[in-house]
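Enquirer: Let me give you the structure first, and then I'll get to my questions.
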Amino acid sequence: MKTHRIGIIMNGVTGRMGTNQHLVRSILAIREQGGVRVNPGETIMPEPLLVGRNEHKLKKLADAHGGLPYTTDVAAALADDQWPVYFDAQTTLRRYEAVRQAIAAGKHIYCEKPTAMTSADGMELHRLAEAAGIKHGVVQDKLWLPGLLKLKHLIDTGFFGRILSVRGDFGYWVFPGEHQPAQRPSWNYKNAEGGGILYDMLCHWRYVIDNLFGNVTGLTCLAAVHVPRRWDEAGQPYDADAEDAAYSTFTTDQGIICHFNSSWCTRVRRDDLLTIQVDGMAGSAVAGLRDCRIQSDAMTPKPVWNPDIPSPIDFREGWALMPDTCEYDNAFKAQWELFLRHLVLDEPFRWTLKEGAKGVQLAELGHESWKKRAWVDVPGL
Ligand SMILES: NC(=O)c1ccc[n+]([C@@H]2O[C@H](COP(=O)([O-])OP(=O)(O)OC[C@H]3O[C@@H](n4cnc5c(N)ncnc54)[C@H](O)[C@@H]3O)[C@@H](O)[C@H]2O)c1
């Protein structure tokens with residue numbers, strides 16, 4: 382058995398995403414399953430190097446997982462050929478500079494979204510990566526959620542007929558932090574620290590829409606700072622000046638209208654934290670993170686407006702739950718495995734820094750639309 386060992390510098394690994402999704406549920410899960418088996422005689426084995434500022438936190442994380450190597454010296458890690466890949470899940474403001482330095486050091490790049498705070502910087506990273514001849518990828522995890530894979534199957538097999546519109550509803554109540562701790566980091570609510578739900582979520586909606594419903598051509602976006610005072614990790618109050626909700630409508634080159642609500646100020650009474658309803662001439666579907674419910678034209682009830690009587694139709698009844706026809710892996714892990722295959726086998730990998738820059742562009746234009754209170758076109762990058 383030939384094993385391709387791939388050393389990965391994991392910066393920002395002590396954070397929420399770094400630890401849970403990327404280290405534990407992706408890289409360590411891949412190691413526990415014996416690597417990525419690419420054929421009967423070959424395996425790819427990722428070898429993480431934990432990197433961060435706080436030695437104590439790194440040691441604790443490293444020890445919790447069997448004594449992984451760690452360092453606070455990013456420059457030394459970048460200079461060491463033992464680690465050919467640089468992964469970044471630091472807070473957003475630090476990404477551009479960190480990834481730029483890693484490209485300059487000749488590392489392959491895999492990183493979280495947003496890749497930068499401006500599309501110009503995002504595209505600059507793409508150009509630098511291409512010029513350096515390195516391989517690169519950006520996390521677009523939602524594409525591998527079971528619910529979205531089911532939607533893709535419905536699209537590919539023509540279930541919807543002509544698709545008319547899409548309604549995405551994302552969000553949940555993030556506690557302000559006064560009476561109980563908030564469940565998201567405080568930097569998310571501060572502009573000066575790269576927060577705001579537009580940068581957080583429009584990056585996702587860009588690749589979800591581009592990949593499923595056609596390239597985004599325009600948008601209108603209204604955002605809001607609904608909760609201007611929040612309490613941080615130390616229990617201290619602060620002014621939350623970054624938008625905590627965004628109401629956006631997108632058009633695509635397939636003529637599909639996609640409306641997405643993104644909110645940290647809403648209480649959930651829907652099937653999941655994210656639901657996406659797709660309405661087509663031949664049928665409709667509502668996908669959550671894992672499940673997807675469908676209603677074909679023939680199963681569609683015929684409602685008549687009459688608020689004077691209780692509804693004679695149970696609208697939730699007329700939907701069928703799509704079965705799981707395969708095993709679904711963690712979405713982040715699924716994309717990591719494809720990136721590792723891309724590195725070793727040179728298999729195609731479309732989720733590049735350029736695609737990441739498109740996500741940043743949508744967030745940027747969301748801000749522009751909000752500020753101008755106007756429709757904004759999305760130019761090609
Ligand atoms: N793909 C997704 O679904 C998804 C979900 C949430 C967050 N994210 C992205 O992941 C990134 C991290 O988000 P998070 O929620 O894990 O944040 P977090 O605050 O939990 O973690 C941030 C990490 O960056 C490090 N860091 C912060 N400031 C630093 C500094 N000045 N110098 C060096 N390191 C510093 C922290 O130590 C920590 O390791 C963000 O860019 C965010 O947009 C992606």
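Each residue of the sequence shown is one higher than the one before, starting from 382 at the first, in my numbering.
C-beta atoms are modelled at their ideal positions from N, C-alpha and C, and glycine is treated no differently.
1. Spell out a yes or no on whether the stretch 662-675 and the stretch 614-630 are touching, meaning 3 or more CB-CB pairs, one atom from each, closer than 8 Å.
2. Looking at the strands, I want to know which residues DSSP matches up with Phe696.
3. With a threshold of 8 Å, establish whether the CB of Ala325 neighbours any heavy atom of ligand 1.
4. Using a 10 Å radius around the Cβ and a threshold of 16 neighbouring Cβ atoms, would you call Gln635 buried or exposed?
5. From Arg611, Lys440, Val417, Met680, pick the residue whose C-alpha is nearest to that of Arg722; which is it?
6. Flag Met662 as yes when its Cβ comes closer than 8 Å to any non-hydrogen atom of ligand 1, and as no otherwise.
7. Using only alpha-carbon positions, find the residue among Glu436, Leu743, Glu413, Ile425 that is nearest to Thr395.
8. By alpha-carbon positions, which one of His534, Met382, Pro421 ends up nearest to Asp672?
9. Compare the C-alpha of Thr681 against each of Gly487, Phe696, Pro691 and name the closest.
10. Residues in the same chain with beta-carbon distance under 7 Å from Gly737, minus the five sequence neighbours each way, listed in chain order, please.
11. Do the CB positions of His403 and Phe641 come within less than 9 Å of each other?
12. Could you name each continuous alpha helix (DSSP H) segment of 4 residues or more that falls completely within the stretch 576-662, going from the start of the chain to the end?
13. Excluding five sequence neighbours on each side, which residues of the same chain lie with their C-beta closer than 6 Å to the C-beta of Trp717?
14. Measure from the alpha carbon of Arg610 to the alpha carbon of each residue in Val547, Val741, Asp620, Ala485, then state which is nearest.
15. At which residues does the beta strand (DSSP E) containing Pro429 begin and terminate?
16. Mind pulling the beta strand (DSSP E) runs of 3 or more residues that sit fully within the stretch 483-528?
17. Does the stretch 645-660 come within contact of the stretch 533-552, defined as at least 3 CB pairs closer than 8 Å?
18. My output table needs one value for Ile411: the three-state DSSP class, helix, strand or coil.
19. Keeping to the same chain, check which residues put their C-beta closer than 8 Å to that of Leu726; ignore five residues upstream and five downstream.
20. Is it buried or exposed for Val757, if we count other Cβ within 10 angstroms and need 16 for buried?
21. Which partner residues does Trp554 have in the DSSP bridge list?
22. Using the rule of at least 16 other Cβ atoms within 10 Å of the residue's Cβ for burial, across every protein chain shown, is Gln521 buried or exposed?
23. When burial is assigned at 16 or more other CB atoms within 10 Å of the CB, is Ser692 buried or exposed?
24. I'd like to know whether the C-beta atoms of Tyr451 and Phe468 end up nearer to each other than 9 Å.
25. Once the 5 residues before and after Leu593 are set aside, which same chain residues still bring their CB inside 7 Å of it?
26. Quick one: grab the DSSP three-state call for Val394.
27. Select from Ala470, Lys523, Ile578, Cys602 the residue whose C-alpha is nearest the C-alpha of Asn401.
28. Among the candidates Pro760, Trp568, Leu746, whose CA atom is the shortest distance from the CA of Arg754?
29. Measuring only the C-alpha atoms, how far is Arg397 from Ile694?
30. Taking Val466 as part of the beta strand (DSSP E), name the residues at either end of that continuous run.
31. Taking all protein chains shown into account, decide if Ile515 is buried (16 or more other Cβ within 10 angstroms of its Cβ) or exposed.
32. Is the beta carbon of Gly576 sitting closer than 9 Å to the one on Trp464?
33. Identify whether Asp758 lies in helix, strand or coil by the three-state DSSP scheme.
34. Reducing DSSP to helix, strand and coil, say where Lys687 ends up.
35. Please work out which residues of its chain come closer than 6 Å, Cβ to Cβ, to Ala623, disregarding the five sequence neighbours upstream and downstream, and give them in chain order.
36. Is Lys383 helix, strand or coil when you go by DSSP?
Expert: Reading off the structure:
1. no
2. According to DSSP, Phe696 shares a beta bridge with no other residue.
3. What the structure shows of the chain is the stretch from 382 to 762, and residue 325 is not part of that stretch, so it cannot be assessed.
4. exposed
5. Val417
6. no
7. Glu436
8. His534
9. Phe696
10. Lys494, Thr496, Gly503, Val519
11. no
12. 578-593
13. Ser407
14. Asp620
15. 423-432
16. 489-492, 517-519
17. yes
18. Helix.
19. Val419
20. buried
21. Cys646
22. buried
23. Exposed, since its Cβ has fewer than 16 Cβ neighbours within 10 Å.
24. Their beta carbons are not under 9 Å apart, which means Tyr451 does not touch Phe468 by this criterion.
25. Leu532, Lys533, Ile536
26. Reduced to three states, the DSSP call for Val394 is coil.
27. Ala470
28. Leu746
29. 43 Å
30. 466-469
31. buried
32. no
33. In the three-state scheme derived from DSSP, where H, G and I count as helix and E and B as strand, Asp758 is classed as strand.
34. The sequence shown places Asn at residue 687, rather than the Lys named in the question. Looking at Asn687 - three-state DSSP - the assignment turns out to be coil, as it is neither helix nor strand.
35. Tyr570, Lys571, Asn572, Gly576, Gly577
36. strand
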